[in-house]
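Quick note on the working numbering: the sequence shown kicks off at 563 and runs consecutively. Where a beta carbon is used, it is the ideal one built from N, C-alpha and C, also for glycine.
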Amino acid sequence: MRVDRFDWHLIVFHSGDVRRYLEAGGAPEKAIIHFLSWDAGIIDPWWGKDTFFARVDKIRAWGISKIVSVDFSAWADMPLVAQAYNYYKSAVVNSDLVKAGFSVIPNVQWSRPSLHGMVFSFWGRRDFVLVDCNHNVSKPENARLFWAGADQMLDTMAPRTLWLWGGPKPALEGMVRRARARNIPNVLIVPSRAKVLSALCRARKERAKCSSLKVG
563 MRVDRFDWHL IVFHSGDVRR YLEAGGAPEK AIIHFLSWDA GIIDPWWGKD TFFARVDKIR
623 AWGISKIVSV DFSAWADMPL VAQAYNYYKS AVVNSDLVKA GFSVIPNVQW SRPSLHGMVF
683 SFWGRRDFVL VDCNHNVSKP ENARLFWAGA DQMLDTMAPR TLWLWGGPKP ALEGMVRRAR
743 ARNIPNVLIV PSRAKVLSAL CRARKERAKC SSLKVG
């Protein structure tokens, strides 16, 4: 199993991330749009067609073709029907993005075990998945829920490439161990957006410095 650095740039649709990324010299073909949690950002029902197509046009204008799947919260203490509704809502929105011509990277979420079959069946078997490791697994109940879902997801979806981002070390390292136990050939650690933007800005300053040097 190979654990590598991520060769793509995860950037957020909001907060000027895309503008800063492109101004710093980031390549559109290397960018993956991430909407984070859209609980308060989707006009009900879900996107609303005018809003959806406006966002689609904006992303296309940037020259970006890859998007992390949109997800909605499914906290363990939420009513099961609310969790199921949010899983279904996510599936519908992501289906619309695929129909709009984007490459949608599965950002797989899970919570209560009774809904695992539902959420994983939306994706089926996949060559690659992205997993958010922003979970506090030091608490026994959190750990039980997170690892039960992680094990079922890896066994059901059987990815060959696992993209891991965010999170405290125990969650990140635990996912790497599980990938190794299943002989998943590729594990990629996604750098933070702040690190990506900082690296691009440093590179841009170096290029500007070099171009200002006189030759001869």
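With the cut-off set at 8 Å, would you say M719 and W685 are in Cβ contact?
Numbered from its first residue, the sequence shown carries residue 719 at position 157. Numbered from its first residue, the sequence shown carries residue 685 at position 123. It is a contact, given that the beta carbons lie within the stated cut-off.
Compute the distance between the beta-carbons of A646 and M680, then report whether it is under 8 Å.
In the sequence shown, the residue the question calls residue 646 occupies position 84. In the sequence shown, the residue the question calls residue 680 occupies position 118. In this structure, A646 places its C-beta atom within 8 Å of the C-beta atom of M680.
With respect to the beta strand (DSSP E) encompassing W725, which residues constitute its N-terminal and C-terminal limits?
What you label residue 725 is simply residue 163 of the sequence shown in a count that begins at 1. Counted as a single uninterrupted DSSP element, the beta strand (DSSP E) harbouring W725 occupies residues 723-727.
Going along the chain, which residues of its own chain have a beta-carbon closer than 8 Å to the beta-carbon of I605, five neighbours each way excluded?
Sequence index remark: in the sequence shown, residue 605 carries index 43 (1-based). Its pLDDT being 47, under 50, I605 is placed unreliably by the model, and nothing is read from it.
Please confirm whether W727 and C695 have their CB atoms less than 8 Å apart.
Stepping through the sequence shown from its first residue, residue 727 is reached at position 165. Stepping through the sequence shown from its first residue, residue 695 is reached at position 133. Yes.
Measuring CA to CA, which of A756, A743, F690 is closest to W725?
On the sequence shown, residue 725 is found 163 positions in, with the first residue counted as 1. The closest CA to that of W725, considering only A756, A743, F690, is found on F690.
Starting from the Cα of L750, find the closest Cα among V738, I594, W637, A653 and give me that residue.
Here residue 750 corresponds to residue number 188 of the sequence shown, with the count starting at 1. The candidate whose alpha carbon is nearest that of L750 is V738.
When the distance is taken between beta carbons, is N748 closer than 8 Å to R722?
Mapped onto the sequence shown, residue 722 falls at position 160. Mapped onto the sequence shown, residue 748 falls at position 186. Cβ atoms of R722 and N748: closer than 8 Å.
Which full runs of the alpha helix (DSSP H) of 4+ residues lie inside the region 605-683, going along the chain?
Restricted to the region 605-683, the alpha helix (DSSP H) segments that are unbroken, complete and at least 4 residues in length are 611-624, 642-661, listed in chain order.
Under 7 Å: does the beta carbon of M640 sit that close to some heavy atom of the ligand HEM?
The ligand HEM is not among the ligands present in this structure, which contains no ligands whatsoever.
Please state if the CB of S673 and the CB of W637 are separated by a distance shorter than 8 Å.
For the purposes of this step, residue 637 is taken as the residue at position 75 of the sequence shown. For the purposes of this step, residue 673 is taken as the residue at position 111 of the sequence shown. Yes. Within cutoff.
Three-way DSSP call (helix, strand, coil) for F690 in this model
On the sequence shown, position 128 is the one that residue 690 refers to. In this structure, F690 counts as strand in the three-state DSSP scheme.
Could you check the C-alpha separation between D633 and Q671 for me, to the nearest Å?
To locate residue 633, count along the sequence shown from 1; it is residue 71. To locate residue 671, count along the sequence shown from 1; it is residue 109. For D633 and Q671, the distance between alpha carbons rounds to 8 Å.
Whose C-beta lies closer than 8 Å to the C-beta of R766 among residues of the same chain, with five residues either side of it excluded?
As a position in the sequence shown, residue 766 is number 204, starting the count at 1. The beta carbon of R766 sits closer than 8 Å to those of A586, G587, all from its chain and outside the five residues before and after it, given in chain order.
Going by alpha carbons, who is nearest to L692 out of K757, A589, G729?
Mapped onto the sequence shown, residue 692 falls at position 130. Per the Cα distances, G729.
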